[in-house]
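Q: For the protein sequence lines, the chains are A and B, in the order given.
Numbers in this note's numbering are just positions in the first sequence, counted from 1, shifted up by 1028.
Numbers in this note's numbering are just positions in the second sequence, counted from 1, shifted up by 8.
After the structure tokens below, expect a handful of questions from me.
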Amino acid sequence: MSDKQRLEHDIKTLIIEALGLEDIGADDIPSDQILFGEGLGLDSVDALELGLAIQKKYGIKIDADAKDTRNHFTNVASLAAFVTARQAA
Amino acid sequence: MINFNIAQWRAWAPGLESADDWHAWCQAPVLLPESEAAPDVSFLPAIQRRRLSRLARMAFSVGWPLAEGLQDLPLVFISRHGETPRTLDILSDLAHEQPLSPTQFSLSVHNAVIGLWSILRNETSEMTALAAAGDGLEHGLLEAAALLQEGAPAVLLVITEEQPPAAYTSWIHDVPFPYALGLLLTPGDEWQLELTTGTVQATQTQWPHALNLLRALLTDQGACQHAWKNRVWNWQRKP
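Below, the structure written as structure tokens:
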């Protein structure tokens, strides 16, 4: 498993745990599946909760008002890329 | 004095789910062992039920079957202590200077359960969330009777209490175990509730008013008296 795959798997697990998605496993969330609205069907409270969980776990700061934040939260792959970029910065 | 009918009831506590369970408990009430058990609310889609606390699950499990097939059903939701586990989680995070969970925060308010009820049932009738000291059941019944008087064909009353976390046990003495009772109330005169005031020290009831009322409902007792401060409530079934 590459670093990227490992990080994406960790983020899927984080999503399941932080948002209480009791009936699914990490493998049920494709990395390119839309997370909010359609796809996985998460809502705005989930967005806040997930943002908090990511900040806690990876020690990064997320600006809720920044224009590109919405894009980072599109799917697991974009979130993983965002975390990698922030941690490298 | 107010009059009403109790058309149907549902109750839940750990290990007490069916009507038979409750009939047996009402004949010989006992303290229930501590339990993490929560009622089955699989009638709700997983994505919607995942955030429901046990308190919310208890409320939904007793209320949902009573609301079956009824539209425009006003709801009176009563809980004296509310979401104590969420409150403690939030206060603990604050004490440790941790950011608050948006989910916990949004669901910690007293009217969160009726908000979820409204969303999940697409119900826009009048709904009230009450916390009224030790006689919340009776205050809730008053509210329900007022709605019946206004012309509602039926009113759903749900009263529930969660087992408080250990940190609160010195202050909360009236929740022997988690429970919920749902009553579908309709106009009528099968039951009457009368308030008297005075310094009369009524017999201390061992069980929460809601469960004591259920005992009057399910046994041939037919009446019960609940006192709180200087208020004495007399419940009476028409003989």
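Heads up, the beta-carbon is just placed ideally off N, CA and C, and yes, glycines get one too.
On a predicted model such as this, the values are computed, not experimentally measured, just so you know.
Taking 8 angstroms as the threshold, find out whether the stretch 170 to 181 of chain B comes into contact with the stretch 145 to 156 of chain B through three or more Cβ pairs.
A: no
Q: How many Å lie between B/A54 and A/D1051 at the Cα?
A: 7 angstroms
Q: Just by C-beta distance, which residues in the stretch 1048 to 1071 of chain A are closer than 7 angstroms to chain B?
A: G1048, L1049, E1050, D1051 and G1069
Q: Considering only the beta carbon of each residue, do A/A1094 and A/A1046 sit closer than 8 angstroms?
A: Taking 8 angstroms as the cut-off, the Cβ atoms of A/A1094 and A/A1046 do not count as close.
Q: Residues of chain B with CB under 7 angstroms from A/L1076, in chain order?
A: P110
Q: Would A/A1108 be called buried (16 or more neighbouring beta carbons within 10 Å of its own) or exposed?
A: buried
Q: Given this structure, state the Cα-to-Cα distance separating B/W125 from A/N1099, to the nearest angstrom.
A: 32 angstroms
Q: With a threshold of 6 angstroms on Cβ separation, who are the neighbours of B/P184 within its own chain once the five nearest residues in sequence on each side are excluded?
A: L39
Q: Looking at the strands, I want to know which residues DSSP matches up with A/L1042.
A: Per DSSP, none; premise fails for A/L1042.
Q: Which of the three DSSP states, helix, strand or coil, is assigned to A/E1066?
A: coil
Q: Cβ of B/I55 less than 8 angstroms from any chain A Cβ?
A: B/I55 has a beta carbon lying within less than 8 angstroms of a beta carbon in chain A.
Q: Report the start-end ranges of each beta strand (DSSP E) in the stretch 65 to 140 of chain B that is 3 residues or longer and not cut off at the edges.
A: 83 to 86 and 135 to 138
Q: Does A/D973 come out as helix, strand or coil in the three-state DSSP assignment?
A: For residue 973 of chain A there is no data in the structure shown, the boundaries of chain A being 1029 and 1117.
Q: Name, please, each residue of chain B whose Cβ falls closer than 8 angstroms to the Cβ of A/L1080.
A: P107, S109 and P110
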